[in-house]
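Engineer: For reference, the structure I am asking about is given below.
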Amino acid sequence: MSNRTTVARSQGALDQLVAAETQRLRRGHRFSPTSATWAAMPHVDDDGIIGGQALVVAHYFGGPVDLWLTGMDDDGIMRGFIRLTPTTGAGKWGLISARELETLNMHGGLLVIERELHWAPIRAFEITEIVEAGGAF
């Protein structure tokens, strides 16, 4: 746990992320977290928890890419477990830019990264893919 005080979430920062989305029409929904998820989401500097006890608040996917999100700062830097290939054992905890992930498209633009719309927050140790990749230590 960090000694930092909890950072208040900025609705303006979320609005900027939403406004910067480039593939919303193709995706059919917004990429950025909902306002409720944003308000409840840890700031990347708040807790620093990784591993099995981390609370996964959102899931992003597309083709071989998965990101289980555990926090985000007001500049759109996401923290979570990232898997770039469906190979068992592949993946790691880290940081990634939401803006860069949102603009990613694969296979000549046929695949974009999407947000799982009906995700309910759960601990990382409850997600098979994270456990199989060794991320639930």
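If you're matching positions, the sequence shown starts at 1 in the numbering used here and goes up one per residue.
Even glycine gets a Cβ: it sits at the ideal position worked out from N, Cα and C.
Report the three-state DSSP secondary structure of L84 (helix, strand or coil).
Structural biologist: The answer is coil: DSSP assigns L84 none of H, G, I, E or B.
Engineer: At 3 residues or longer, what runs of the beta strand (DSSP E) sit wholly inside the stretch 3-81?
Structural biologist: Listed in chain order, they are 58-62, 65-72.
Engineer: Specify the secondary structure class of I130 as computed by DSSP and reduced to three states.
Structural biologist: If DSSP states are grouped into helix, strand and coil, I130 belongs with the helices.
Engineer: Between which two residues does the alpha helix (DSSP H) holding L95 run?
Structural biologist: Not the alpha helix (DSSP H): L95 falls in the beta strand (DSSP E), residues 92-97.
Engineer: If you reduce the DSSP assignment to three classes, tell me which class M1 lands in.
Structural biologist: Low confidence applies here, because M1 scores a pLDDT of 39, under 50, leaving its location unreliable and the question unanswered by this model.
Engineer: Is V44 closer than 8 Å to D73 when the C-beta atoms are compared?
Structural biologist: Cβ distance < 8 Å, so D73 and V44 count as in contact.
Engineer: Please classify F31 as buried or exposed, where buried requires at least 16 neighbouring CB atoms within 10 angstroms.
Structural biologist: Buried, since its Cβ has 16 or more Cβ neighbours within 10 Å.
Engineer: Give me, in chain order, the residues of the same chain whose beta-carbon lies closer than 6 Å to that of M106; leave out the 5 immediate sequence neighbours on both sides.
Structural biologist: The answer, listed in chain order, is G63.
Engineer: Is L12 buried or exposed, if buried means 16 or more other CB atoms sit within 10 Å of its CB?
Structural biologist: Sequence inspection shows Gly at residue 12; the Leu mentioned does not correspond to that position. Counting Cβ neighbours within 10 Å, G12 comes out exposed, since fewer than 16 surround it.
Engineer: For R123 and G52, I'd like the C-alpha separation in whole angstroms.
Structural biologist: Those two C-alpha atoms are separated by around 6 Å.
Engineer: Taking contact to mean at least 3 C-beta pairs separated by less than 8 Å, is the stretch 20-28 in contact with the stretch 82-90?
Structural biologist: Because the criterion of three Cβ pairs below 8 Å is not met, the stretch 20-28 and the stretch 82-90 do not touch.
Engineer: Tell me whether E114 sits in a helix, a strand or coil according to DSSP, three-state version.
Structural biologist: DSSP places E114 in strand when its eight states are reduced to three.
Engineer: Would you check if the distance between the CB atom of I82 and the CB atom of K92 is smaller than 8 Å?
Structural biologist: The answer is yes: Cβ separation under 8 Å.
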